[in-house]
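Chains A and B are the protein sequences, given in the same order. Counting from 1, one number per residue, gives the positions in the first sequence under the working numbering. Counting from 1001, one number per residue, gives the positions in the second sequence under the working numbering.
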Amino acid sequence: MMKSKINVYQKIFGRPQYLKENIFHYCAGCGHSIAHRLIAEVIEELNIRDRTIGVPPAGCAVLAYNYFDIDMLESMHGRGCAVATGVKRTLPDRIVFSYQGDGDLAAIGTAETFHAANRGENITVLFINNAVYGMTGGQMAPTTLLGQFSTTSRPTRDALLDGYPIRMSEILSHLEGTRYIERCAVNTPSNIVKAKRAIKKAFRYQMDDVGFTMVELLSQCPTNWKMTPIDACRWVDETMAKAFPLGVIKDVRIKG
Amino acid sequence: MQGNRVIGEAAIRAGCRFYAGYPITPQNELTEYMAENLRKVEGGTFIQAESEIAAINMVLGASAAGARAMTSSSSPGISLKQEGISALAADELPAVIVNIMRGGPGLGNILPAQGDYFQATRGGGHGDYRTIVLAPASVQELADLTMDAFDLADRYRTPVMILADAMIGQMMEPLVFKKPEPRQYDDGYILRGAGQGRSRFIRGLILDAIRMEEHNWKLYRKYQVITKKEVRHETFKTDDADVLIVAYGTAARIAKGAIKRCREMGIRVGLIRPITLWPYPADVIKRFSEKVETFIVFEMSTGQMLEDVRLALGGAGIIHFYGRPGGVIPTPVELARFIEHHTKNSWDRGSQ
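See below:
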């Protein structure tokens, strides 16, 4: 009989070291918990927990400090990039990231995001795009797709009345201050692996003082999309990724 | 040296190492001074922000990371900053905010006014909080109070506002910079990355009502201590006064001129000048009401501090209000005439 190569007593999967043992408050099937996990894994693998400061947003991830075992500074809605700028400029050798949703980053905080990017602040932005305001109950986001239902775009988003979904990653890529921008998703195992790779790359760039980096994560929101978690994961690929194509949008590794 | 530039120099001398601001008249010289000089200082950061909102939030980040941080603006810009000031109060983070007031409401104009008194002393932003408000009346005092503002902000871990107006910001006067106090504070709250220790967070979101209430009472207790310990005021010719003017900032300077004229006319007038607008020197005013009956509240507004004087007097004495809002700079002559008109002596002389 062939001996199995797998040692059944070896731990091959577990909680990342820098996620606290609190139970996520996120809905079933939500992408936030996956994104949190990836960031925690990257912090562990890069061994930067001691000098990382995170800036969580207002929105569903407002309680991120209950999960990340790192120093965190709350930001008012939309101001993540301004707050992160203040921290990073004061402590330039720390790793500073903001974690922001689509309403936070692309509506109320557009100016802060745009100008931090334009200044080439050496920070990393984790941009969770789920095409809806989650925390407040499913209102239209700047990234809500045309034809998508939301509680404030009835019956669905209409370009004439509500404008178009904003592609922040593409817009920011045109600014000279930005160095690395990639859009990923957290809906399938392969996309999750790619997303982690992108997050790691962004943090590495920051560690090397390259400049502004952002990873956009298309993230499922089954509750407000009114779908099952499985359908929501499918919808990311079949519909959302059509409007927000996945892939590297900009990668210029010039030291700032 | 010009008032606005003096604030910048005093701040740098006091150890301010982070400034973010957005251009707005009549305080631009301060932003320009910081641009020119703060980056020359080791560890000094100057950022011209994209908005006043961004500036105050950068200050919040810098403050949490341990820097002595400041931002400045003028009335409409201070309205935009209120979100961040509220967050600083909630997070118990030190910061200095300078408001070189101009005429309002709305865009108003760029002339000296005192219309932001309510906004400054009542918290300004949302939620149950107070801001320490310092009201300088000279360029020398601008320098002194700017340094003191950083110490107060550290001591109580709370935002401190310097409330001056276009007149004081733009005027030039000789001054001496005092030696700044060494920074004494408990730096345990500063986020530097968790190191090998426990991770920490700074936040204002407290979803549990009981805990939120406790945080509110905690802030309240702090404000009680500030009210008890940090009230500042100046009195001028009050010893023999029959009439007392209550005025702050530029208005107090004008009042001193009026007092000289009144005394020449034989009306014994004195001045109480609040230096802290919050906490307010209410007890001082109340004490004076035991020997003085007539109070003249004089402001470059339609009457905002007037309410604090009424509260302080609690029905005692007679209050007359003289105000010139909108950027008009009243003269000592007109104030003296107003006082003359409203004092008993004036009837004897038959003047109006």
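We put the beta carbon where it would ideally sit given N, CA and C, even for glycine. Computed from a predicted model, the values in this text were never measured in an experiment.
Rounded to the nearest whole angstrom, the C-alpha separation of A:A35 and A:D251 is 21 Å. Rounded to the nearest whole angstrom, the C-alpha separation of A:S173 and A:A131 is 20 Å. Annotation: the continuous beta strand (DSSP E) that includes A:D251 extends over 247 to 251.
Within chain A, no C-beta atom comes nearer than 9 Å to that of B:G1125; the closest sits roughly 10 Å away. 8 Å or more divides the Cβ of A:T156 from the Cβ of A:E121.
Residue state for B:E1213 is assigned as helix, using DSSP reduced to three classes. Residues of the stretch 1006 to 1038 of chain B with a C-beta less than 7 Å from any C-beta of chain A: F1018, listed in chain order. In the displayed model, A:M72 falls within a strand according to three-state DSSP.
Taking the beta carbon of A:I70 as reference, the chain B residues within 7 Å of it are A1194, S1199, listed in sequence order. Per DSSP, the beta-bridge partners of A:A185 are A:L218.
Counting only runs of 4 or more residues that sit fully inside the stretch 1248 to 1314 of chain B, the alpha helix (DSSP H) segments are 1249 to 1264, 1282 to 1288, 1305 to 1313, in chain order. Secondary structure in the stretch 1061 to 1119 of chain B: the alpha helix (DSSP H) runs of 4 residues or longer, each lying completely within the stretch, are 1075 to 1091 in chain order. Distance between A:A64 and A:P56, taken at the CA atoms: about 6 Å. Within the stretch 83 to 94 of chain A, the residues whose Cβ lies closer than 7 Å to some Cβ of chain B are V83, A84, T85, G86, V87, R89, T90, L91, R94, listed in chain order. Contact annotation: in the stretch 1051 to 1070 of chain B, residues whose CB is within less than 9 Å of a CB in chain A are S1051, I1053, A1054, A1055, I1056, N1057, M1058, V1059, L1060, G1061, A1062, S1063, A1064, A1065, G1066, A1067, A1069.
In this structure, the straight-line span from the alpha carbon of A:T136 to that of A:C27 is close to 14 Å. Contact between the stretch 1239 to 1253 of chain B and the stretch 1178 to 1190 of chain B is absent, with fewer than three C-beta pairs closer than 8 Å. Distance from the CA atom of B:F1298 to the CA atom of B:P1136, rounded to whole angstroms, is 16 Å.
By the Cβ rule, the stretch 1015 to 1022 of chain B does not count as touching the stretch 233 to 250 of chain A, because fewer than three pairs are nearer than 8 Å. The beta carbon of B:T1045 sits closer than 8 Å to some beta carbon of chain A. Note on geometry: alpha-carbon atoms of A:E44 and A:K196 lie some 12 Å from one another. Judged by their CB atoms, A:N118 and A:G163 are not nearer to each other than the 8 Å cut-off. Distance from the CA atom of B:R1122 to the CA atom of A:R253, rounded to whole angstroms, is 49 Å. For B:Y1019, DSSP records a beta bridge to B:F1046, B:M1070.
About 6 Å separates the CB atoms of B:A1194 and A:I70; that is less than 8 Å, so the two are in contact.
In the DSSP annotation of this structure, the continuous segment of the beta strand (DSSP E) that includes A:G101 starts and ends at 95 to 101.
Using a Cβ distance threshold of 8 Å, B:S1301 and B:G1108 do not count as a contacting pair. Between A:E216 and A:F149, the C-beta spacing is not below 8 Å. Taking the beta carbon of A:I166 as reference, no residue of chain B falls within 7 Å; the closest one sits roughly 18 Å away.
Among the CB atoms of chain A, one or more fall inside 8 Å of the CB of B:L1191.
It is roughly 5 Å from the alpha-carbon of B:P1159 to the alpha-carbon of B:A1095.
With respect to chain B, the C-beta atom of A:D50 has a partner C-beta closer than 8 Å.
B:G1303 and B:I1319 have their C-alpha atoms roughly 12 Å apart. DSSP lists A:T213, A:D251 as the beta-bridge partner residues of A:Y180. Taking 8 Å as the CB threshold, A:E74 lines the interface with chain B.
Between A:M72 and B:G1084, the C-beta spacing is not below 8 Å.
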